[in-house]
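Visitor:
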Amino acid sequence: MEIIELGAKLLNENLGLQVDPNTIANALSSLLGDGQGNLDLAGLVSRMTQNGQLGALVSSWLGDGANSAISAENLTGLLGEGGIADFANSIGTDPGSAAQGLADVIPQMMDKASSGGSLLESAGGLGGLMDAAKSFLS
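For what it's worth, numbering that gives the first Met the number 0 labels the leading residue of the sequence shown as 0, then goes sequentially.
#1: Taking Cβ to Cβ, would you say Ala68 is nearer than 8 Å to Ile83?
#2: I need the DSSP call for Gly15, collapsed to helix, strand or coil.
#3: Which same chain residues end up closer than 6 Å to Gly116 when comparing Cβ atoms and leaving out the 5 residues on each side of it in sequence?
#4: Where does the unbroken alpha helix (DSSP H) through Thr75 begin, and where does it stop?
#5: Would you kindly work out how many angstroms separate the C-alpha atoms of Pro106 and Asn88, rounded to a whole number?
#6: I believe Asp39 touches Leu31 by the beta-carbon criterion, under 8 Å. Please report the beta-carbon distance rounded to the nearest angstrom.
#7: By Cβ distance, which residues of its chain are closer than 6 Å to Leu56, with the 5 residues on each side in sequence left out?
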């Protein structure tokens with residue numbers, strides 16, 4: 000199952016929506032995409048590692064073991080209130096519910112994307128992701 004499809008399925012279930020999964024997948028692509036129709040989880044990792052507290056969270060998502068939780072408030076700070084509001088409007092829910100649903104689902108999406116190393120390998124491993132994030136701070 001593709002990562003975006005997994006996210007759409009989980010959000011539909013978690014939020015109790017009666018929305019076409021393709022609608023949710025398109026909204027996720029808009030929110031977490033690179034502007035070219037691709038899911039940009041590596042970009043999200045980079046933004047998260049710019050903040051030392053969130054870097055530990057993302058490391059738990061990319062590594063083996065349990066995924067640490069992210070708050071809806073922290074996620075809204077990362078993605079922007081406007082982005083969350085647009086996402087919520089697209090799937091027919093309120094921004095608070097959307098942010099909480101995303102906070103529950105994004106760690107699972109990231110964990111799945113890094114399973115088998117695909118996300119990590121594309122960025123040169125966990126060290127490569129961290130180095131990429133540090134370059135934004137330089």
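Just so you know, even glycine gets a beta-carbon here, dropped at the ideal spot from N, CA and C.
Guide: From the atom records:
#1: Sequence index remark: in the sequence shown, residue 68 carries index 69 (1-based). Sequence index remark: in the sequence shown, residue 83 carries index 84 (1-based). Result no, Cβ atoms of Ala68 and Ile83 do not sit closer than 8 Å.
#2: Here residue 15 refers to the residue found at position 16 when the sequence shown is read from its first residue. Residue state, collapsed to three classes: coil.
#3: For the purposes of this step, residue 116 is identified with residue 117 of the sequence shown, where counting begins at 1. Any reading at Gly116 is ruled out, since the residue's pLDDT is 45, under 50, leaving its predicted position unreliable.
#4: Numbered from its first residue, the sequence shown carries residue 75 at position 76. Here the alpha helix (DSSP H) through Thr75 covers 71-78.
#5: Counting from one through the sequence shown, the residue named residue 106 turns up at place 107. Counting from one through the sequence shown, the residue named residue 88 turns up at place 89. Between Pro106 and Asn88, the C-alpha separation is close to 22 Å.
#6: Locating residue 39 in the sequence shown gives position 40, counting from the first residue. Locating residue 31 in the sequence shown gives position 32, counting from the first residue. The pair is a contact, with the Cβ atoms about 6 Å apart (cut-off 8 Å).
#7: On the sequence shown, residue 56 is found 57 positions in, with the first residue counted as 1. For Leu56, where only same-chain residues beyond five positions count, the Cβ hits under 6 Å are Ser67, Ile69.
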